[in-house]
Each structure stands twice: as structure tokens, then as C-alpha cells.
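Chemist: Here the working numbering is used: the first residue of the sequence shown is 14, the next is one more, and so on.
We treat Cβ as the ideally placed atom computed from N, Cα and C, and that holds for glycine.
Every value quoted in this text rests on a predicted model; they were computed, and no experiment measured them.
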Amino acid sequence: MDYFSANNKGEVCFRGAAVMKGYYMDDELSAKTVDSEGWLHTGDIGEWLPNGALKITDRKNALFKLAQGDFVSPEQIEIVYLNSHLVDQIFVTGLTTRSFLVGVAVANVSLLREAIAARSELARHADLPTEKLLSESDVRRFVLQELNRIGKEKGLQSIELIKNIHLTSEELTPENGLVTPTLKLRRHLLKQKFAQDIERMYAEETTL
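1) Looking at the structure shown, is Gln-81 part of a helix, part of a strand, or coil, going by DSSP?
2) Looking at C-alpha atoms only, which residue of Glu-60, Gly-168, Ile-90 and Arg-126 is the closest neighbour of Leu-76?
3) Would you mind reading off the limits of the alpha helix (DSSP H) that contains His-201?
4) Our contact map puts Lys-204 next to Thr-110 with C-beta atoms below 8 Å; I'd like the distance itself, whole angstroms only.
5) Quick one: what does DSSP say Gly-35 is sitting in, helix, strand or coil?
6) Using 8 Å as the cut-off, can you tell me whether the stretch 161 to 174 makes contact with the stretch 139 to 152, which would need three or more C-beta pairs spanning the two stretches below that distance?
7) Can you tell which of Ser-49, Lys-45 and Thr-55 has its C-alpha closest to the C-alpha of Phe-27?
8) Beta-carbon separation of Val-93 and Lys-167 under 8 Å?
9) What is the rounded straight-line gap between the Cα of Val-25 and the Cα of Ile-58?
10) What are the boundary residues of the alpha helix (DSSP H) that Asn-161 is part of?
11) Grouping DSSP H, G and I as helix and E and B as strand, with all else coil, what is Trp-197?
12) My understanding is that Leu-53 touches Met-33, with C-beta atoms under 8 Å, so please give their C-beta distance in whole angstroms.
13) Kindly provide the ranges of any beta strand (DSSP E) runs that are 3 or more residues long and lie completely inside the stretch 39 to 65, ordered along the chain.
14) Can you name, in chain order, every residue of its own chain whose Cβ lies under 6 Å from the Cβ of Thr-1, other than the five neighbours on each side?
15) Bridge partners for Phe-27 per DSSP, in chain order?
16) In this structure, does DSSP put Thr-186 in helix, strand or coil?
17) Under DSSP, the beta strand (DSSP E) around Val-117 begins and ends at which residues?
18) Per the DSSP calculation, His-179 is bridged to which residue(s)?
19) Measuring straight from C-alpha to C-alpha, what distance separates Tyr-215 and Gly-51?
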């Protein structure tokens, strides 16, 4: 993952007398969690700060690699994009066979209508039914450009910017199973639910 000890950043591991040796009657899980040298792998990505404090920055299982070999952190990208008032929730994803990211966003429909009504080139869409509004390529392009404007301002790298977006009005909730009770995204379920939309976004990569 391009983490090196010289950079003081990588997966957080513990070893010592108080650290467990493994899971009861589960050798496979034990081998994945505690390595041959006794280090317990937490799955957290962290870095040492100049004052000696340890800062947790990500989860190892949330990172994934794109086709060109770059690892990206979707959670960090999502946090940046949520600075936009046009979206209430966003799910950033990618494929190891593709070189760019795409996103699924829950639009703040009322604020989105206000924003496009104020733009002459988009105003004709402002009163469309919600489903039609969110499927319009001009509207999707507008939201995508707004998100990436914020992304650039907040320091996202080019590889971290989504290249296409699907908009929905369906909230991601614990009740529909798409987030946990603590509102963490259930990424594998989101990829399943929006599989056709993700496939479509990659197919139309040059048209949005």
C-alpha cells in the first residue's frame, strides 16, 4: 500500500503480554489477526504525530487499488465531498480493473432544485419530477463539477476525484440495511444495490 516505516504511517499493530494469542477454535481468523511474530493487526491505518501521539486515519479494509496500482481511501474522499450542500450522503467506489472512481450520492433535492433554478442553462430542469431530475445528465454533470470543485479546494488528488455520479433520493439508513446503526456505509451491500448504476457509469465515462 506504499506505506513505509520511514513515513511513520501504516497499519496499527500491537504486541505484548496483554495481547491475545488468537481466537478460540478459529485458527483461520487467528492467523489473519495475529501474525507469526505475535503482532496483532488491528485493521486501522495510523500515523505518528510529531508530539508522539498516534492518529488513526483510516480502515485498512476500506482501501482499494485501482487498475494503475494506486490505493485510494473512499472514506476520506466522502468526508471532503460532504462539504457540498447538494448531497446529504455519498458512496465512492471503484473497480480494480478501472483507473478512476465513481460515486453514488443521495441528493438534497430541495437545495439542488434551488441551485439549478438559479442557472440559466439548467433552469428548465428545476420543476421536473424528482426521479427525472436526478437522471438528467446536465444535472448530474452539475453536481459532479460542484463536488470536484470542492475536492480540489480541499486538496484531493486527481486520482481521488470521481469521474461520474449517480444521483438518488433514497436515503441510506439502518432500516434499509445500507448503513450500520452508527451510520457507517455498508460498502459491499451498496455495491450490490447499485451494481447496474456503477456498470452504467463506467460504460458512459466519456459522455458525462
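Modeler: So, from the data block:
1) coil
2) Ile-90
3) 200 to 206
4) With 8 Å as the limit, Lys-204 and Thr-110 do not qualify as a contact, their Cβ atoms being about 14 Å apart.
5) coil
6) no
7) Thr-55
8) yes
9) 6 Å
10) 150 to 166
11) Checking the sequence shown, residue 197 turns out to be Lys, not Trp. Looking at Lys-197 - three-state DSSP - the assignment turns out to be coil, as it is neither helix nor strand.
12) 7 Å
13) 53 to 61
14) With the chain covering 14 to 221 only, the question about residue 1 has no answer from this structure.
15) Leu-53
16) coil
17) 114 to 120
18) Val-117
19) 43 Å
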